[in-house]
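There are 6 protein chains.
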Amino acid sequence: MPFVEISWFEGRTDEQKAEIAKRISEALVEVAGVAPEHCWVKFEDSPKTDFIIHEDSGVRSRL
Amino acid sequence: MPFVEISWFEGRTDEQKAEIAKRISEALVEVAGVAPEHCWVKFEDSPKTDFIIHEDSGVRSRL
Amino acid sequence: MPFVEISWFEGRTDEQKAEIAKRISEALVEVAGVAPEHCWVKFEDSPKTDFIIHEDSGVRSRL
Amino acid sequence: MPFVEISWFEGRTDEQKAEIAKRISEALVEVAGVAPEHCWVKFEDSPKTDFIIHEDSGVRSRL
Amino acid sequence: MPFVEISWFEGRTDEQKAEIAKRISEALVEVAGVAPEHCWVKFEDSPKTDFIIHEDSGVRSRL
Amino acid sequence: MPFVEISWFEGRTDEQKAEIAKRISEALVEVAGVAPEHCWVKFEDSPKTDFIIHEDSGVRSRL
């Protein structure tokens, strides 16, 4: 441990993912003292049709 | 928050997903009073080879 | 399937959870035709110290 | 319940997944007494660019 | 990898969890050839009020 | 999005979690350009009896 899972929209590059994973591992190592080889970072890319945020929906009007 | 994740078999349309996400958001807003823009709904489609339910397996016979 | 997981802040009652689970199951049954006994809904309550949203943090200023 | 989710690298065959799901279900049935039809096993395959383990990174040197 | 997450009802003993984790690791090692020290097994216990299965609900009658 | 979930052993302080969440959000904002208020970071603490790593088990010897 720790196992880190990132759910977001697809579209980022492998380089961005690698850089983010590196910075997350650094944060876990430096702040919490975990062993770096125990930092697993998994990205889950979703198309926008599969990750829905109702910011602009009509849902609010029902409140 | 809330973050809602739905794991199921692939095969549903984008329209079905949008309708389900809308109804889940409505339920969370109306029953629990969360802000609608804080309702994130993520669908994770799996092929049947990756989501295995042993309803018809021989596992039961070992009991 | 489907397995539905809801991550949010703690503080809701069992009655609210039961009502939301019922409405989610109804949406899945009515919109996607899944069997109701295959609708599993799991709530994961977190204290605010364990579910952190940086809406008011100084992070934005670094952009 | 139980819902079992396995996150790993892509590359295994459907036969390997079916065999592993069967053995996990057997373990849950035999050790914990759950009903076999309530054992759901989901595999989440990731490419190596999306599942990053820093075993060989330079992160350690920052400690 | 692999990271295995088991969501189920609370109530099992530590000994049952250890035995199940051991058998899952054995399955992953023997069937898929993963390194045993890379088998992480996490149990997430839920009270019945937080893990809701509508087997006996009135939802079915709406179909 | 993005929703970040960190599964690890219990024992870290709220201050450590806040600092790690801040650094993860910064990484996501700076590297991937996401809005900071869309960075949700959730920690899932587990006791050691619920998060089992077979580093020292006898599983390896069965290979």
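Protein chains in written order, with our numbering: chain A, 50 to 112; chain B, 50 to 112; chain C, 50 to 112; chain D, 50 to 112; chain E, 50 to 112; chain F, 50 to 112. Even for Gly, the Cβ is constructed at its ideal location relative to N, Cα and C.
Exercise for the section: Can you tell me the Cβ-Cβ gap for D99 (chain D) and W57 (chain D), rounded? I've got them flagged as a contact below 8 angstroms. Expected result: 11 angstroms between Cβ atoms; not a contact.
Problem - Within 9 angstroms, strictly: CB atoms of R72 (chain A) and V80 (chain F) - result: Taking 9 angstroms as the cut-off, the Cβ atoms of R72 (chain A) and V80 (chain F) count as close.
Handout entry: For I101 (chain A), the residue or residues it bridges with in DSSP
Key = Partner(s): B:V90.
Exercise for the section: Identify every residue that forms a DSSP beta bridge with I55 (chain E). Expected result: DSSP output for I55 (chain E) lists D:V53, E:F92 as bridge partner(s).
Handout entry: Delimiting residues of the alpha helix (DSSP H) encompassing R72 (chain E)
Key = 63-81
Exercise for the section: Return the Cβ separation of H103 (chain D) and P51 (chain A) in integer angstroms, given the expectation that the two are a contact with Cβ distance under 8 angstroms. Expected result: That pair is no contact at about 12 angstroms.
Practice task
Check the Cβ-Cβ distances between I73 (chain F) and every residue of chain E, and say whether any is below 9 angstroms.
Solution key: no
Problem - Per-residue contacts from D99 (chain B) into chain D (C-beta, under 8 angstroms) - result: K66, K91, F92, E93, D94
Practice task
Thinking A76 (chain D) and I69 (chain E) are a contact (beta carbons under 8 angstroms), I'd like their distance in whole angstroms, please.
Solution key: Right, their Cβ atoms sit about 5 angstroms apart.
Problem - Assigned exposure category for K97 (chain B) - 16 Cβ within 10 Å defines buried - result: Classification of K97 (chain B): exposed, given that the 10 Å Cβ count is below 16.
Practice task
May I have the straight-line CA-CA distance separating F92 (chain C) from K66 (chain C), to the nearest angstrom?
Solution key: 8 angstroms
Problem - Spatially closest choice to V53 (chain F) from F:T62, F:E59, F:S74, by CA coordinates - result: When each option's Cα is compared against that of V53 (chain F), the closest is F:S74.
Handout entry: Contact belief for V90 (chain D) with I55 (chain B) at Cβ below 8 angstroms, rounded distance in angstroms
Key = Their Cβ separation, rounded to whole angstroms, is 17 angstroms, which puts V90 (chain D) and I55 (chain B) out of contact at 8 angstroms.
Handout entry: Straight-line Cα distance separating V83 (chain B) from T62 (chain C)
Key = 14 angstroms
Exercise for the section: Kindly indicate if chain F contains any beta-carbon less than 9 angstroms away from that of F58 (chain E). Expected result: no
Handout entry: For H87 (chain A) and G60 (chain D), the rounded distance between their alpha carbons
Key = Counting only the Cα atoms, H87 (chain A) lies some 22 angstroms from G60 (chain D).
Problem - C-beta neighbour in chain E for P51 (chain C), strict 9 angstroms - result: no
Handout entry: Contacts of R70 (chain E) in chain F (Cβ-Cβ under 8 angstroms)
Key = In the sequence as displayed, the identity of residue 70 (chain E) is Ala instead of Arg. Those are I101, H103, listed as they occur along chain F.
Practice task
Output yes if chain D places a C-beta closer than 9 angstroms to the C-beta of A84 (chain E); else output no.
Solution key: no
Handout entry: Proximal residues of chain C, C-beta to C-beta of V80 (chain B) below 8 angstroms
Key = Q65, E68, I69, R72
Exercise for the section: Rounded to whole angstroms, what's the CA-CA distance from E64 (chain C) to E64 (chain D)? Just pull it up for me. Expected result: 43 angstroms
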